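Here is the structure we will look at, set down as structure tokens.
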Amino acid sequence: TTLKPQRNKKVAPLFKSWENFYYRRIFHRIGDVFDRPVCSSPGARLEVVMRERRGTDLVTTGETRELVNLGSYNYLGFADDWESTCGDTVLRAVEEWPISCGSSRSELGTTTLHRRLEQQMAAFVGKEDAIVFNMGYGTNSTTIPALVGKGDLILSDALNHASIVNGCRASGAFIRSFPHNDAGGLEAALREAIALGVPRTRRPWKKILVMVEGLYSMEGEICDLKAISAVCKKYKAYLYLDEAHSIGALGPTGRGACEHCGVSPDDVHVLMGTFTKSFGGMGGYIAASAQIIDHLRATCAGFVSHDAMSCVLCEQISTALTIVEKSDLGARKLRTLKDNSNFFRSELIKIGLHVYGDYDSPVIPVLLYNPAKIPAFSRECLARGLAVVVVGFPATPLVKGRARFCVSAGHTLQDLQDAAAKIKEVADILKIQYAISPFG
Ligand code: PMP
67 TTLKPQRNKK
77 VAPLFKSWEN
87 FYYRRIFHRI
97 GDVFDRPVCS
107 SPGARLEVVM
117 RERRGTDLVT
127 TGETRELVNL
137 GSYNYLGFAD
147 DWESTCGDTV
157 LRAVEEWPIS
167 CGSSRSELGT
177 TTLHRRLEQQ
187 MAAFVGKEDA
197 IVFNMGYGTN
207 STTIPALVGK
217 GDLILSDALN
227 HASIVNGCRA
237 SGAFIRSFPH
247 NDAGGLEAAL
257 REAIALGVPR
267 TRRPWKKILV
277 MVEGLYSMEG
287 EICDLKAISA
297 VCKKYKAYLY
307 LDEAHSIGAL
317 GPTGRGACEH
327 CGVSPDDVHV
337 LMGTFTKSFG
347 GMGGYIAASA
357 QIIDHLRATC
367 AGFVSHDAMS
377 CVLCEQISTA
387 LTIVEKSDLG
397 ARKLRTLKDN
407 SNFFRSELIK
417 IGLHVYGDYD
427 SPVIPVLLYN
437 PAKIPAFSRE
447 CLARGLAVVV
457 VGFPATPLVK
467 GRARFCVSAG
477 HTLQDLQDAA
487 AKIKEVADIL
497 KIQYAISPFG
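All the letters of the sequence shown, read from the start, carry residue numbers 67 to 506 under the UniProt record's numbering.
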């Protein structure tokens, strides 16, 4: 049989909205936002191999430069003192254990290292038990469908991460978003949904799950956990907290948003986190009651159908966690991170930039507004020895593009002071101080 070309088939539109259309045109013309250097040692200082555009090709020039890294999630600086902290353990683990378990956790992929890390993590965050997964994104996107489904209601913060959105959609539960970090908005949405009940049948919801993050990574904003957990208690809703950016970064002992906000871990039913940020590893975890964890072990695709976390990583994360939990070095790292974050935030505010978020947050976004200034900001910073991450549509609304600085315990105050002076130069050139949005 020959395949006939299909004629008259409706072609999906390339640009779904005016925002998408303008975004593509602007970035296509400016082009250079994609010419990022290649990194060879990502710590608080970053070595990069420079590339340049020759015609349509990106060519490595061979030149290497050292930049101050204000973009990675290396909150506790484990990437900077790798050898003195996790290096030995990892080398020993490489000799003793395979890299891949070659099996999912529910088959033959559970080792004593996995169980030890799970017990350590559960004790650290104050829960009965925990599961570790080999990917943070997959932790959310496979756990949520195992917890809720048809006939259940999810109330999700309007600015939740893509992995949460993905998990919610895959669950088949009815999803409502509530205004970002607004306990009043959550209560209003809950009341309305409870009054209406399950669509068509009007029966009461079987379960209600509220999804929030401890620290919002595009906003640098800390969750209003006290008020949100009080609303959940009042309406008998379960609370799921994503601590990807807050575990090991917030709270005097690094125990995350619960500790920072003075909320008991008993009031948050599911604590999720990742090891890619503060702990300098890979993967994610869920900590909860023994009953919830047993249920996840039987039903969660990330546990049943996904290869187990590498044994070597289990050792590295366990070592990093022990340092945070038990040593003076861990306490020093946490204190330095907090001091550095607050110092850099106040320096940027002094310059006159529009800074988003809360004090104590190591994520510090600065609004650039005009999309055309996004690649220009990145390029000018790079020219002055600063590696920064700039974010625009569709991760943010079109006119709320921003530079997102991430502070680390590996930075010195001098690094941050110099960086602030350079950012002031760039802000003067691009005129982004006291930025007033033309769109209100
Ligand atoms: N949750 C949040 C809030 C995140 O920001 C991220 C990624 N940055 C993830 C989950 C996914 O984690 P990972 O990158 O470790 O897969």
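Idealized CB from N, CA, C, for every residue including glycine.
Nothing here was measured: the structure is a model prediction, and the numbers come from that model.
Buried/exposed call for residue i, threshold 16 Cβ in 10 Å
i, result
"R411", "buried"
"V492", "buried"
"I274", "buried"
"T402", "buried"
"K343", "buried"
"V104", "exposed"
"S207", "buried"
"V329", "buried"
"P504", "Annotation note: pLDDT 47 at P504 (below 50); position unreliable, coordinate value reported separately. With fewer than 16 Cβ atoms within 10 Å of its Cβ, P504 is classed as exposed."
"R257", "exposed"
"R268", "exposed"
"G458", "buried"
"L419", "buried"
"Q382", "buried"
"G97", "Note that G97 has pLDDT 42, beneath the 50 cutoff, so the model's placement of it is unreliable and the number below is only indicative. Counting Cβ neighbours within 10 Å, G97 comes out exposed, since fewer than 16 surround it."
"S169", "exposed"
"A487", "exposed"
"G204", "buried"
"G317", "buried"
"G506", "Because G506 sits at a pLDDT of 42, beneath the cut-off of 50, its placement in the model cannot be relied upon, and the point is left open."
"T319", "exposed"
"F100", "Per-residue confidence for F100 stands at a pLDDT of 43, beneath the threshold of 50, marking its modelled position as unreliable; the derived number appears in the next sentence. Result: exposed."
"G121", "exposed"
"R95", "Its pLDDT being 44, under 50, R95 is placed unreliably in this model, and the value from its coordinates should be taken loosely. So R95 counts as exposed."
"L262", "exposed"
"E462", "Looking at the sequence itself, residue 462 is Thr, so the reference to Glu does not match. Classification of T462: buried, given that the 10 Å Cβ count is 16 or more."
"A449", "exposed"
"L112", "buried"
"A224", "exposed"
Proximity below 8 Å, CB of residue i to CB of residue j
i, j, result
"I430", "I197", "no"
"R171", "A374", "yes"
"N140", "G347", "no"
"G368", "T209", "yes"
"A426", "K404", "First, the residue type needs correcting, since residue 426 is Asp and not Ala in the sequence shown. Cβ atoms of D426 and K404: closer than 8 Å."
"T340", "G202", "yes"
"H311", "L281", "yes"
"L183", "C380", "yes"
"V454", "L124", "no"
"residue 13", "A293", "Outside the modelled stretch of the chain, which goes from 67 to 506, sits residue 13, for which no answer is possible."
"I498", "G467", "no"
"L305", "H335", "yes"
"Y422", "G233", "no"
"V443", "G349", "Here residue 443 turns out to be Phe, not Val, going by the sequence shown. No; because the gap between Cβ atoms is not below 8 Å, this pair is not in contact."
"I218", "W271", "The question names Ile, but residue 218 in the sequence shown is Asp. Yes, the pair counts as a contact, with Cβ atoms nearer than the cut-off."
"A485", "L434", "no"
"K216", "A239", "yes"
"D481", "A145", "no"
"C167", "T385", "no"
"N406", "H477", "yes"
"E118", "T127", "yes"
"S138", "C447", "no"
"L479", "P437", "no"
"D195", "I313", "no"
"T387", "Q186", "One detail in the question is off: residue 387 reads as Leu in this sequence, not Thr. Yes; because the gap between Cβ atoms is below 8 Å, this pair is in contact."
"D424", "I220", "no"
"K300", "D333", "no"
Anticipated Cβ contact below 8 Å, residue i with residue j, distance rounded
i, j, result
"A228", "F244", "In fact, because the Cβ distance is near 18 Å, the residues do not count as touching under 8 Å."
"M277", "S222", "4 Å"
"A475", "L142", "5 Å"
"P164", "C377", "7 Å"
"M338", "L307", "7 Å"
"residue 510", "P211", "Since the first residue of the chain shown is 67 and the last is 506, residue 510 is not available in this structure."
"I417", "I489", "7 Å"
"Q483", "E413", "7 Å"
"A259", "R235", "Contact doesn't hold; Cβ gap of about 17 Å is too wide."
"E253", "V297", "5 Å"
Below-8 Å beta-carbon distance, residue i vs any chain B residue
i, result
"M277", "As a matter of chain content, chain B is missing from the structure shown, which is built from one protein chain."
I'd like the ranges of any alpha helix (DSSP H) spanning at least 4 consecutive residues and lying wholly in the region 372-456. Listed in chain order, the complete alpha helix (DSSP H) runs (minimum 4 residues) inside the region 372-456 are 377-392, 394-417, 439-449.
In chain order, which continuous runs of the alpha helix (DSSP H) of length 4 or greater are located wholly inside the region 181-237? Annotation note: the region 181-237 contains the following uninterrupted alpha helix (DSSP H) runs of length 4 or greater, listed N- to C-terminal: 202-213, 228-237.
Quick one: complete beta strand (DSSP E) runs, 3+ long, within the region 301-334? Taking only runs of at least 3 residues, the beta strand (DSSP E) segments lying wholly in the region 301-334 are 304-308.
Length at least 3, wholly inside the region 256-283: the beta strand (DSSP E) runs in chain order: 274-279
Could you name each continuous alpha helix (DSSP H) segment of 4 residues or more that falls completely within the region 335-376, going from the start of the chain to the end? 356-365, 367-370
Starting from the N-terminal side, write out each stretch of the alpha helix (DSSP H) that is 4 residues or longer and does not extend beyond the region 459-499. 479-496
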